[in-house]
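Right, one structure below, let's go through it.
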Amino acid sequence: MLTLENISLSVGENGQRKDILYDINLELEPGQVYALTGPNGSGKTTLARIIMGLVRPTAGRVLWEGRDITDAGITDRARAGIAYAFQQPVRFKGLTLKDLLTIAGAGKEAAGYLAQVGLCAADYLGREAGGGLSGGEAKRLEIALTLARRPRLAVFDEPEAGVDLWAQERLLNLVADSARRSAGASSLVITHSEKFLRQADVILLLEKGRLVEQGAPDAVWPHLAKDLACRWQAECGGEAGAADCYR
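For the sequence shown, this note's numbering begins at 14 and goes up steadily by one.
What follows is the structure in structure tokens.
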């Protein structure tokens, strides 16, 4: 479906070049749910933006079904079936939620998509999608819009961020199930949720701009959990259970 070949990215900073991503090779297969995780600043969002065409790599190629789309823009990629849900949802002044869902292709199913993300259609369809929504409501709308498009590859940047704890698991399950219900569709989800990491088909671990590990949860999670424990001990003076470890 989508292939990344030797993707690297460096940017100019204070007159010097700073490397962000190093030689990323990755193939996303149809019907799979991928969980992309790693420390803050490891390049996860940057990699997602390269997939969507928001950032152009300085080296390497992005292939969609064997076709080179490295230089293709976000519009062309969206038409090809790639969708992206931002970590910080875009606000749309002057448009109602119903307008946006109709544009996304939901049609008469608009109410159903809102219900899936926990928003009552009677209360929300007529509301403006600009500043009238809280951060959590805007995040839910972003997910509903992405699902309404029925993309072949949906990229979600921390879909649980900004959402109350009671709704996080529901939204993550919805994101995973949406790919598995659609024949040939896949999802790439940036997340720190242990529950989601355990239910994904493939875990991708990015660290300091490098893809250091990928595989099934049963294979990757034990290594990831051990690495986290070592980091907590190092940062908390050997006290793995110290409260500061979880800030």
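Glycine residues also receive a C-beta, built at the ideal position from the N, C-alpha and C atoms.
Under the 8 angstroms Cβ criterion, the region 231–239 does not count as touching the region 80–94, having fewer than three qualifying pairs.
By the Cβ neighbour-count rule, Q129 is buried, with 16 or more other Cβ atoms within 10 Å of its own. Put simply, the backbone Cα of M14 is about 14 angstroms away from that of A192. Looking at L110, R62, N186, L76, the one whose alpha-carbon comes closest to that of I87 is R62.
A check of alpha carbon separations from M65 across L49, V75, A134 identifies V75 as the nearest. According to DSSP, T50 shares a beta bridge with L218. E141 carries a strand assignment under DSSP once its states are collapsed to helix, strand and coil. For W77, DSSP records a beta bridge to L15, R80. Of the candidates A213, L160, R183, the residue whose Cα lies closest to the Cα of A229 is A213. Under the criterion of beta carbons closer than 8 angstroms, K152 and A135 do not qualify as touching, at roughly 20 angstroms. Proximity of the region 197–212 to the region 25–38 falls short of the contact definition, fewer than three beta-carbon pairs being nearer than 8 angstroms.
For L210, the enclosing alpha helix (DSSP H) stretches over residues 207–212.
Taking all protein chains shown into account, R165 has 16 or more neighbouring C-beta atoms within 10 Å of its C-beta and is therefore buried. Remark: C-beta atoms of T159 and A96 approach each other more closely than 8 angstroms.
Between G73 and S21, the CB-CB gap stays under 8 angstroms.
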